[in-house]
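*Asks:* Following this message is one structure expressed as structure tokens.
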Amino acid sequence: MRTKIVTILAFALFISLNAQDKKWTLQECVEYALDNNISIKQNKLNVAISEENVINAKGNFLPNLNASTNGNLNLGSGFDPVSQDRVSTSTFGGSFGINSGITVFNGYRNLNTYKQAQLGVESSKLDLEKIQDDISLFVVNSYLNVLFAKENLNVAKVQYEISKKQIESAKALFEAGDKPRSDLLNTQSTAAADEQSVILNENTLSLALLDLAQLLQINPTNFDVQVLEIDSPSLAMLYKNANEVYQKALTNRPEIKRAELDIELSDLSVEIAKASFLPSVSLGANVGTGYGYNLKNNSHIPYFTQLDDNLGYGISFSVNIPIFNRNQTKSNVNRQMINYEISKFGLDNAKLQLQQTIQKAFYDAKAAAKAYESAEKSLIAQKEAFKNAQESYNSGVMTSFDFDQVRNRLVNSEGAIIRAKYDYIFKSKVLKFYFGEPIVLD
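As numbered in mature numbering (1 follows the signal peptide of the UniProt record, and there is no 0), residues -19 to -1, 1 to 423 make up the sequence shown, in order.
Given below as structure tokens:
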């Protein structure tokens, strides 16, 4: 027993350690979100409801079938169930019946309702696709924010290490009498500020990881992601202009297809409303039988004989011709025609919103490319300036204050190029997303 307990504890510890060491890839994050996000699950259920609506609409073409039975007990004066004479007696009787009916014609209402239900499934699937796209885009953005925070933290740590080395150098120069005490104090102050920067960047990274974990709806404890090897992005724009992306997006974006389906659905609603102007025809059939017993008379007709003798059949049809219903049908048709016009404006609005979004995304990506190019040039210049400043400082030509100014400009340039890189990568990805390419980074 003790051996089993030790084995179980060891296995649990192994699982726990592996869970802590796991680093999520971008692909895993996106797939997990698509499989587990509550909003996505709700939309999947909406698709299931739409599919049930199709089954329900298809059933309108089939005949119904119902069975019925009843029994009764009469005491005192009543009709004899056999002779049908009023007598003072006690009787017991009952009946069985089966009836069926089918709609032959109702102005194509059933047909158009079925078509509507089928389009409803497509609409639900497009809604699901839209929210899956949105969630995927949010995950990619949050993931890149984590990578951005990680790189900023690495830069801060490097700067802090440089500061600590500078303290050692300044201390040696001060003790040798080559530098005043103020230089040493200034260097120590800079190192303290750099240490604080490390702490702030660690907190920023923790918050970025928390945001991603909450988006995935998982426990943020020990959550971490795998660092992507992202090379310096190409500054060449992927597309000539925003209209190129927009024209392609019109053919693949679910919100546009959904708006187009809304027009078809509204058109069918008009036809369904018009069906109330037309006559409807239905057929019916029934079969039934009954039995009865006089409880005071011991002479009874046998049960099955009664069922056979009382068996009856019937066939019926009905025609309903609408003449006037207080303008209800006319008003309903007009209302559905107005909804049809509204749905056409809905498509126009969806196209306009998509065009504006893509135009903004295109110019954002263009500006991000220029910002990255500028940051890259600035970083090259600041690295060279820092190299020269470090040599001057080590040789005693430059004061620690001036050296810190140069180094701060380098730190700012390093931070600027990190921001510019991830900003440009994400905004370029947004353009690819609207062009129809996979959202997950290559």
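The beta carbon of each residue, even a glycine, is placed where N, CA and C say it ideally should be.
What residues in its chain sit with their C-beta under 7 Å from that of residue 424, if we drop five residues either side in the sequence?
*Replies:* This structure leaves residue 424 out entirely; the chain is present only between -19 and 423.
*Asks:* What residues are listed by DSSP as bridge partners for SER47?
*Replies:* To locate residue 47, count along the sequence shown from 1; it is residue 66. Looking at the sequence provided, one finds Asn at residue 47 rather than Ser. According to DSSP, ASN47 bridges with ASN80.
*Asks:* Once you ignore the five residues that flank GLN340 on each side, which residues in its own chain have a CB closer than 7 Å to its CB?
*Replies:* Taking the sequence shown and counting its residues from 1, one reaches residue 340 at position 359. ALA223, listed in sequence order.
*Asks:* In terms of residues, what are the limits of the alpha helix (DSSP H) holding VAL378?
*Replies:* The sequence position of residue 378 within the sequence shown is 397, counting from 1. From DSSP, VAL378 is part of no alpha helix (DSSP H); its letter is neither H nor E.
*Asks:* Figure out for me which residue from ASN301, LYS408, ALA350 and SER117 has the closest Cα to the Cα of THR196.
*Replies:* Residue numbering aside, residue 196 sits at position 215 when the sequence shown is read from its first letter. Looking at the sequence shown, residue 196 is not Thr but Leu. Per the Cα distances, SER117.
*Asks:* Based on DSSP bridge pairs, tell me the residues matched to GLY158.
*Replies:* As a first step, residue 158 is located in the sequence shown; it is residue number 177 there, counting from the start. DSSP, once it has assigned bridges, lists no residue as partnering GLY158.
*Asks:* Is LYS277 buried or exposed, if buried means 16 or more other CB atoms sit within 10 Å of its CB?
*Replies:* As a first step, residue 277 is located in the sequence shown; it is residue number 296 there, counting from the start. With fewer than 16 Cβ atoms within 10 Å of its Cβ, LYS277 is classed as exposed.
*Asks:* For GLN1 and ILE30, I'd like the C-alpha separation in whole angstroms.
*Replies:* For the purposes of this step, residue 1 is taken as residue 20 along the sequence shown, with counting starting at 1. For the purposes of this step, residue 30 is taken as residue 49 along the sequence shown, with counting starting at 1. Because the pLDDT of GLN1 is 49, which lies under 50, any placement of that residue in the model is unreliable, and the number read from its coordinates should be weighed accordingly. Approximately 40 Å between the Cα atoms of the pair.
*Asks:* Output yes or no for whether 7 Å exceeds the beta carbon distance between ALA401 and ALA331.
*Replies:* The sequence position of residue 401 within the sequence shown is 420, counting from 1. The sequence position of residue 331 within the sequence shown is 350, counting from 1. No.
*Asks:* Does DSSP put ASN278 in a helix, in a strand, or in coil?
*Replies:* Taking the sequence shown and counting its residues from 1, one reaches residue 278 at position 297. Of the three classes helix, strand and coil, the one that applies to ASN278 here is coil, per DSSP.
*Asks:* Measure the alpha-carbon distance for ASP404 versus ALA348 and round it to whole angstroms.
*Replies:* The residue you call residue 404 lines up with position 423 of the sequence shown. The residue you call residue 348 lines up with position 367 of the sequence shown. Spanning the two alpha carbons is a distance of roughly 10 Å.
*Asks:* According to DSSP, is LEU328 part of a helix, a strand, or is it coil?
*Replies:* As a first step, residue 328 must be located in the sequence shown, where it is residue number 347. LEU328 falls in the helix class under three-state DSSP.
*Asks:* Can you tell me which of the three DSSP states TYR294 falls into?
*Replies:* For the purposes of this step, residue 294 is taken as the residue at position 313 of the sequence shown. Strand, per DSSP.
*Asks:* At the level of alpha carbons, what is the spacing between LYS111 and LEU231?
*Replies:* Sequence index remark: in the sequence shown, residue 111 carries index 130 (1-based). Sequence index remark: in the sequence shown, residue 231 carries index 250 (1-based). Rounded to the nearest angstrom, the two C-alpha atoms are 14 Å apart.
*Asks:* Ordered along the chain, which non-local residues of its own chain (more than five positions away) have a Cβ less than 7 Å from that of PHE384?
*Replies:* Indexing the sequence shown from 1 puts residue 384 at position 403. These residues qualify, in order along the chain: ALA370 and TYR374.
*Asks:* Note the first and the last residue of the continuous alpha helix (DSSP H) segment covering GLY40.
*Replies:* Taking the sequence shown and counting its residues from 1, the one referred to as residue 40 is at position 59. 19 to 40 is the span of the alpha helix (DSSP H), which, as asked, contains GLY40.
*Asks:* Locate the alpha helix (DSSP H) running through VAL251, then write down its first and last residues.
*Replies:* Working through the sequence shown from its first residue, we reach residue 251 at position 270. 235 to 255 is the extent of the alpha helix (DSSP H) around VAL251.
*Asks:* Rounded to whole angstroms, how far is the Cβ of residue 424 from the Cβ of ILE398, which I believe are closer than 8 Å?
*Replies:* What the structure shows of the chain is the stretch from -19 to 423, and residue 424 is not part of that stretch, so it cannot be assessed.
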